[in-house]
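First the structure, in the form of C-alpha cells, and then the observations on it.
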Amino acid sequence: MTATMRGARGEVIRRPRRALAVTIALAVTALVLAFVALGLGDYPLDPLEVVRAAFASDGSFATTIVLDWRLPRVLVALLFGAALGLSGALFQSLTRNPLGSPDIIGFSTGSYTGALLVITVLGTGYVSTALGALIGGMLTALLVYLLAYRQGMQGFRLIIVGIAVTAMLQSFNIWLLLRSSTEVAMTASIWGAGSLSLVGWPQAWPSLIAFAILFPAALLLTRPLRQLELGDEAARAHGLRVEGSRLVILIVGVALIAVVTATAGPIAFVALAAPQVAKRLTASAGLPLVPAALVGAVLLLVADQLAQHVLPGSVPVGVVTIVVGGAYLIWLLVREAKGRL
Amino acid sequence: MAAPARYRPSRRALALFLALVALLLTVAASLAIGSREIPLHTVWDALRGLPVTSGDAAAVLDLRVPRTVIGLTAGIALGVSGAIIQAVTRNPLADPGILGVNAGSAFFVSLAVGLLGVTSPQGYLWFAFLGAFVATVIVSLIGAVGRGAASPARLTLAGVALGAVLTGIVSAVRLSDPKSFEILQVWESGSLQDRGWDVAAPVIPFIAAGLLLAALLGPSLNAMALGDDLAASLGTRLVRTRLLAIVAVTLLAGGATAMAGPIAFVGLMIPHIARWIVGPDQRWIIALTVLLAPVLLLASDIVARVVLRPGELPVGVVTAIVGAPVLIVLVRRRRVSGL
Amino acid sequence: MTMEPRLRTTDVTLAYDRRVISSDLSVSIPDGSFTVIVGPNACGKSTLLRALSRLLAPSAGEVVLDGKSISSYHTKEAARRIGLLPQSAIAPDGITVADLVGRGRYPHQTLFRQNRVGDDEAVALAMVATGVDDLATRVVDELSGGQRQRVWVAMALAQQTPILLLDEPTTFLDIAHQIELLDLFADLHEAGSTLVAVLHDLNHAARYATHLIAMKDGQVVAEGPPEAVVTAELVEEVFGLPCLVIADPVSGTPLVIPRGARHRA
Chain G
235 MTATMRGARG EVIRRPRRAL AVTIALAVTA LVLAFVALGL GDYPLDPLEV VRAAFASDGS
295 FATTIVLDWR LPRVLVALLF GAALGLSGAL FQSLTRNPLG SPDIIGFSTG SYTGALLVIT
355 VLGTGYVSTA LGALIGGMLT ALLVYLLAYR QGMQGFRLII VGIAVTAMLQ SFNIWLLLRS
415 STEVAMTASI WGAGSLSLVG WPQAWPSLIA FAILFPAALL LTRPLRQLEL GDEAARAHGL
475 RVEGSRLVIL IVGVALIAVV TATAGPIAFV ALAAPQVAKR LTASAGLPLV PAALVGAVLL
535 LVADQLAQHV LPGSVPVGVV TIVVGGAYLI WLLVREAKGR L
Chain W
284 MAAPARYRPS RRALALFLAL VALLLTVAAS LAIGSREIPL HTVWDALRGL PVTSGDAAAV
344 LDLRVPRTVI GLTAGIALGV SGAIIQAVTR NPLADPGILG VNAGSAFFVS LAVGLLGVTS
404 PQGYLWFAFL GAFVATVIVS LIGAVGRGAA SPARLTLAGV ALGAVLTGIV SAVRLSDPKS
464 FEILQVWESG SLQDRGWDVA APVIPFIAAG LLLAALLGPS LNAMALGDDL AASLGTRLVR
524 TRLLAIVAVT LLAGGATAMA GPIAFVGLMI PHIARWIVGP DQRWIIALTV LLAPVLLLAS
584 DIVARVVLRP GELPVGVVTA IVGAPVLIVL VRRRRVSGL
Chain S
7 MTMEPRLRTT DVTLAYDRRV ISSDLSVSIP DGSFTVIVGP NACGKSTLLR ALSRLLAPSA
67 GEVVLDGKSI SSYHTKEAAR RIGLLPQSAI APDGITVADL VGRGRYPHQT LFRQNRVGDD
127 EAVALAMVAT GVDDLATRVV DELSGGQRQR VWVAMALAQQ TPILLLDEPT TFLDIAHQIE
187 LLDLFADLHE AGSTLVAVLH DLNHAARYAT HLIAMKDGQV VAEGPPEAVV TAELVEEVFG
247 LPCLVIADPV SGTPLVIPRG ARHRA
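Below you can see the structure in the form of C-alpha cells.
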C-alpha cells in the first residue's frame with residue numbers, strides 16, 4: 235500500500251493513511267495493555283517497576299513474578315488472540331461471509347468432540363485433552379472438506395456441509411455431556427469455553443514455534459486474498475491459481491485455530507468479531523489481516539485480564555471474550571449507523 | 284417463456300403432495316409410538332372417544348396428542364421462520380437464532396432459573412417468549428437505525444453480537460452453579476417431553492399470527508430476493524418488509540422456543556432443501572417448509588422417544604443427527620443453488 | 007501480419023458439465039487485429055472468449071498462445087500476455103476506484119516487487135484513459151452502473167497486456183461513453199495491442215473491427231473484414247433478422263438497418 239500516489243497530472247490520488255494510523259494505534263494499545271497487565275495481580279507493580287523487573291536479571295521477586303508467572307499468560311493472550319483474529323479474517327474472506335469463521339469447517343466443534351471423548355472416557359489430563367482436541371478438529375475439517383469437494387470447492391457447498399457436520403457433532407457433544415455426571419460435564423464445559431489459566435511456558439512453547447511459521451505465512455497470503463475478493467473469474471484473469479490459493483488459505487487458517495484450540499480450548503467469537511471490528515476501525519475494503527490480528531490480541535488480553543482479576547470465581551476467558559467482543563461490536567454497529575465512523 | 288422444466292407447477296404440486304403424505308405418516312407414527320406399547324386400533328379408538336382402558340386413553344390423549352401437536356406447530360414455526368430469515372438476510376448461514384431469539388430466550392430463562400428458581404416448562408414459557416421479543420427488538424434497533432437501515436449484513440451482525448453477549452452471560456451463570464447448570468442444560472437441548480396443553484394452548488395463537496404474517500409477506504420476500512434496487516422499483520417497501528419479517532420471525536421462533544426450548548437446525552436446513560426442490564419462489568418454499576419441517580421434528584422426536592426406552596433423548600440432539608446426512612447428500616447433487 | 011497468430015484454438019470442444027456449446031471449433035485471432043465476435047444470444051461467443059482467456063478448459067482440443075498450449079503457461083505468465091474484462095466480478099465492500107484498478111497489476115507484482123512506480127503509472131494511465139481519474143478516491147459501490155463498468159475496464163487496462171479480451175465492454179454505458187470506449191480500444195489497437203471483443207451491437211462491431219467473427223450455434227459462420235462479413239444475407243442467416251446493409255455515411259463501414267415486422271416491404 236503506497237502512502238501517496240500521483241496521477242498522470244501529478245495530483246495525489248490515494249491516501250490510505252487511516253488504515254496505517256489505526257494499525258499503529260492498535261499495536262501501541264496492545265503493548266501498553268501488556269505492560270499494565272504484567273503489573274496486575276496479588277503483588278501489584280506499576281508499569282515502571284514492570285519494565286525494570288522485566289529487564290533486570292537479579293533474580294528478585296519482582297522479576298520472578300513478571301517473567302515466570304505473568305509473562306507467559308500475557309504473551310499467550312496476545313499471540314492467541316492474534317492467531318484467532320487472523321484465522322477469522324482468512325475464513326471470512328474465503329467464504330465471503332461475515333458469519334464465516336473457522337467453525338464453518340467444523341473445527342471448533344470437532345475439537346470439542348475430541349476433547350469430550352477424552353475427558354469422558356479417559357478422564358481429564360492436559361496433554362491427552364489437547365491431543366484429543368487437535369485430532370478431533372483436524373479430522374472434522376478433513377471430513378468437511380472431503381464431503382464438500384466435488385470437482386473443485388464451491389464456497390456455498392462448503393458452508394452447507396460445514397453446517398451439517400457441525401450440527402451433528404454438536405448433538406453428539408450434548409449427548410456426551412448429558413450422559414456424564416454433572417461434575418464431569420461441568421469440567422468439560424469449562425474446557426469447552428476456553429481458558430488460559432493452565433497455559434504456562436511448557437504449554438506455550440509448541441504454539442510459539444508454530445506461530446513463527448504461521449504468522450508470516452498468513453501475511454504472505456494477503457495478496458492472493460485481495461485477488462480472490464474480486465471473484466474467481468477476475469482472480470483467474472489476473473493469473474492467480476484460485477483452487478491452490480484457497481487450499482493454502484484454508485490450511486493456514488485451520489492450523490492457526492488448531493494451535494489455539496489444542497492449547498487453550500475453543501475460544502469463541504474472537505475469530506468472528508476481530509476481523510469485523512478491524513474492518514470498521516480501518517475503514518478498509520475487505521478484511522485487513524494485520525489489524526484483525528491486533529484487534530484479536532487486544533480483545534483476548536483484555537478478556538483474560540477481566541476473567542482473572544475482576545470476575546468472581548473462575549470464569550473462563552472464553553465467556554468473557556464473548557461478552558466483551560459482542561458488546562464492542564454492537565457499539566461499533568451503532569456508531570456506523572449514525573455515520574460517525 | 285415457460286417455467287424451467289424442473290419447477291413446473293405439476294412437479295411442485297407433486298412435491299407438496301408427497302410432503303403432505305410424509306407428514307400424515309409421521310403424525311400417525313408419533314401418535315402410535317411411545318414408551319407404552321399401545322396397538323394401533325386402540326390409538327384410533329381413543330382418538331375417536333371410544334372407551335379404552337384409562338391408562339391407554341391417558342397416554343394417547345393427554346400425552347401423545349398434545350406432544351404431537353406441539354411438535355407439529357413448533358416444527359412449522361421453526362421451518363417458516365428459518366425460510367423468512369434466510370430470505371431477509373440473504374445469508375445461507377442464517378437461522379432463526381441469528382436474530383438473537385434463542386439467546387434472548389436462554390437469557391431470560393437462565394434469569395428465571397438462577398434468580399427465581401423456576402423449574403418447569405410451563406414456568407419458563409413466558410420468560411422464554413419475553414426474552415425472544417426483547418432480544419429481537421434490540422437487534423432490530425441496532426440494525427435498523429440510521430444509514431443502511433435494516434440491511435441484511437447489519438441485521439446479521441447485530442444479531443450475532445447481541446446473541447454473543449447474552450450467551451456469554453448465560454454461560455457465566457451456568458458454569459457458576461451446578462444446579463442451574465443441570466436445569467439449563469436440559470432446557471437448552473430442546474425437548475418435547477412433559478409438555479401438555481398448558482404449554483401449547485397459550486402459544487399457538489402467536490404462532491398462528493406469525494404464519495399469517497409470513498403468508499402475507501411471501502410476494503414481498505420474492506421481490507427482495509431480486510436485490511434492493513429492483514425490489515424498490517417494484518413497489519416493495521424495503522424497511523417495512525424487513526421489520527414485519529422480523530416480527531414474524533419473533534412470533535414463530537419465539538413461540539417455538541417458548542414451547543420446546545431452543546431446537547437448532549430445523550430452521551436452518553429445511554428452507555434450503557425446500558428451495559432445491561421447488562425453486563426460488565418464496566411462497567412455494569414456505570408452503571413446502573410448512574410440510575417438511577414438522578416431518579423432521581416429529582421424526583426426530585420419535586427417534587428420541589424410542590432409542591433410549593423408557594428414557595428419552597432431547598429432541599434437539601436428534602434433529603441434527605437425522606437431518607444432517609440428508610442435507611449433505613442433497614448438497615452434493617450437481618445443481619444446487621446458493622441464495 | 008505475417009507471423010503465426012499469437013492466439014488460436016485448434017479443434018476445441020467447449021462444454022459446461024455435459025452441455026456442449028461448441029465442438030471442433032478452430033479460430034485464429036489475427037495478430038495486431040481488433041477482432042470482434044458477434045452472434046445471437048447463446049451462440050457461444052462468451053464461451054469462446056472464456057476459453058481463449060483460460061477461464062474455461064476445453065474438453066477436447068487446445069488453445070494455443072504464442073505457439074504453446076495455453077494451459078502449459080504459468081498462470082501469471084499467461085496473465086501478463088492476456089488481459090480480460092470479466093463478465094462477473096465483485097467489487098469488495100468499500101473499495102475505492104484507485105484501489106480496484108490497482109488490483110489489476112497483480113500479474114506484474116511479485117513478493118518483493120510490489121507497488122513500484124511502474125504500477126502507479128499504469129494505474130493512473132488506465133484511469134485517465136477510461137475517464138475515471140476524477141473518481142479515483144470514490145467508493146466503487148456508490149458509482150452508477152456506467153461508471154462502474156468503466157472502472158472494470160480500467161482494471162483490465164492496468165494489466166497492460168499485448169492481448170486484451172473484452173466481454174461486452176459497453177454494457178450499461180450511454181451512447182457517448184460507448185463510442186468513447188470503443189475509440190479508446192481503437193487507439194490501443196493502433197498502438198499495437200491485439201483486441202478481441204464480444205459486442206452485441208452489430209453496427210459498432212462493423213465500424214471498429216478489423217476482423218469480424220460471426221458465430222451461431224457454437225460454430226463460426228463467417229469471418230473476415232467487416233465489409234466481407236456483414237451482408238444482408240449473412241445477418242439474416244445468423245440473426246434471423248431481415249435487413250438492409252448500406253455504407254455508413256460517417257465511417258464507410260457496413261451499416262445494418264433492420265427490417266422489423268412493422269417495416270417489411
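Protein chains in written order, with this note's numbering: chain G, 235 to 575; chain W, 284 to 622; chain S, 7 to 271. Glycine included, C-beta positions come from ideal geometry on N, C-alpha and C. Note that the coordinates shown come from a computational prediction; the quantities given were computed from them, not determined experimentally.
Spell out whether any CB of chain S is found under 9 Å from the CB atom of residue i.
i	result
Gln510(G)	no
Leu454(G)	yes
Leu481(G)	no
Arg252(G)	no
Tell me which residue opens and which closes the beta strand (DSSP E) that residue i is part of.
i	result
Ile321(W)	Element bounds for Ile321(W): n/a, residue is neither H nor E.
Leu91(S)	88-91
Ile169(S)	169-173
Kindly indicate if chain W contains any beta-carbon less than 9 Å away from that of residue i.
i	result
Pro546(G)	yes
Trp439(G)	no
What residues of chain G sit near residue i, judged by a beta carbon separation below 8 Å?
i	result
Glu367(W)	A small correction: the amino acid at residue 367(W) is Ile; Glu does not occupy that position in the sequence shown. Result: empty, since nearest Cβ-Cβ is about 17 Å, beyond 8 Å.
Pro113(S)	His472, Gly473
Ile553(W)	Ordered by position in chain G, no residue passes the 8 Å Cβ test against Ile553(W), which lies about 12 Å from the chain.
Leu61(S)	Glu467, Arg470, Ala471
Counting only C-beta atoms, is residue i closer than 9 Å to chain G at any point?
i	result
Ala85(S)	yes
Gly11(S)	Checking the sequence, you will find Pro at residue 11(S) rather than Gly. Taking Cβ atoms only, chain G never reaches closer than 9 Å to Pro11(S), which makes this a no.
Asn385(W)	no
His217(S)	no
Gly426(W)	yes
Lys74(S)	no
Ile604(W)	yes
Met221(S)	no
His183(S)	no
Below 7 Å on C-beta distance, what does residue i contact in chain W?
i	result
Ile384(G)	Note on identity: in this sequence residue 384(G) is Arg, with Ile being the wrong assignment. Simply Arg615.
Phe503(G)	Ala447
List, in order along the chain, the chain S residues whose C-beta lies closer than 7 Å to that of residue i?
i	result
Ala459(G)	Just to set this straight, residue 459(G) is Leu in the shown sequence, not Ala. Under the 7 Å cutoff, chain S gives no residues; its nearest Cβ is about 10 Å from Leu459(G).
Leu392(G)	None at all; the shortest Cβ gap to chain S is about 17 Å.
Which residue marks the beginning of the alpha helix (DSSP H) containing residue i, and which one marks its end?
i	result
Gln225(S)	Unbroken run through Gln225(S) is the beta strand (DSSP E), 225-230; no alpha helix (DSSP H).
Phe40(S)	Unbroken run through Phe40(S) is the beta strand (DSSP E), 40-44; no alpha helix (DSSP H).
Arg25(S)	Taken as a continuous stretch (DSSP letters only), Arg25(S) belongs to no alpha helix (DSSP H), being part of the beta strand (DSSP E) at 25-35.
Glu68(S)	Element bounds for Glu68(S): not the alpha helix (DSSP H) but the beta strand (DSSP E), 66-71.
Ile281(S)	Past the edges of chain S, shown from 7 to 271, lies residue 281(S), and the structure says nothing about it.
Arg558(W)	549-561
Please compile the residues from chain G whose C-beta is within a distance smaller than 7 Å of the C-beta of residue i.
i	result
Leu90(S)	Ala471
Please compile the residues from chain G whose C-beta is within a distance smaller than 9 Å of the C-beta of residue i.
i	result
Leu394(W)	Those within 9 Å of Leu394(W) in chain G number zero; the least Cβ separation is about 15 Å.
Ala539(W)	The contacting residues do not exist; Ala539(W) stays about 17 Å from chain G at best.
Could you name the residues of chain W that residue i contacts, counting a contact when the two beta carbons are closer than 9 Å?
i	result
Ala349(G)	By Cβ distance, chain W contributes nothing, its closest Cβ being about 16 Å from Ala349(G), past 9 Å.
Check whether the segment 137-152 of chain S and the segment 95-113 of chain S are in contact - that is, three or more C-beta pairs closer than 8 Å.
yes
With 9 Å as the limit, tell me which residues of the segment 412-431 of chain G have their beta carbon closer than that to any beta carbon of chain W; keep them in chain order.
Listed by position, the residues of the segment 412-431 of chain G near chain W (Cβ gap below 9 Å) are Leu412, Thr416, Glu417, Ala419, Met420, Ser423, Ile424, Ala427.
Stretch pair the segment 557-576 of chain W + the segment 328-344 of chain W: three plus CB contacts closer than 8 Å:
no
Check each residue of the segment 316-338 of chain G: if its Cβ is closer than 9 Å to any Cβ of chain W, include it; give the result in chain order.
Thr329, Asn331, Pro332, Leu333, Gly334, Ile338
Output needed in chain order: residues of the segment 563-588 of chain W with a Cβ under 7 Å from some Cβ in chain G.
Taking 7 Å as the upper bound on Cβ-Cβ separation, chain G lies near no residue of the segment 563-588 of chain W.
Any chance the segment 524-538 of chain W sits against the segment 375-384 of chain G, with 3 or more Cβ pairs inside 8 Å?
no
Below 9 Å between beta carbons is the criterion; list the residues of the segment 513-542 of chain G that meet it against any residue of chain W, in chain order.
none
Any 3 or more C-beta pairs closer than 8 Å across the segment 201-218 of chain S and the segment 40-59 of chain S
yes
Determine contact between the segment 577-595 of chain W and the segment 518-533 of chain W, defined as no fewer than three beta-carbon pairs at a distance below 8 Å.
no
Chain W contacts made by the segment 300-317 of chain G, where a contact means CB separation under 9 Å
none
Anything in the segment 447-467 of chain W with a Cβ closer than 7 Å to a Cβ of chain G? List those residues in chain order, please.
Ala447, Val448, Thr450, Gly451, Ile452, Ser454, Ala455, Leu458, Ser459, Pro461, Phe464, Glu465
Report yes or no: do the segment 318-327 of chain G and the segment 520-527 of chain G share at least 3 C-beta pairs separated by less than 8 Å?
In short, these stretches touch, since the Cβ pair count reaches three.
Examine the Cβ distances between the segment 71-90 of chain S and the segment 445-452 of chain G and report whether three or more of them are shorter than 8 Å.
no
Between the segment 436-445 of chain W and the segment 396-409 of chain G, do at least 3 Cβ pairs fall closer than 8 Å?
no
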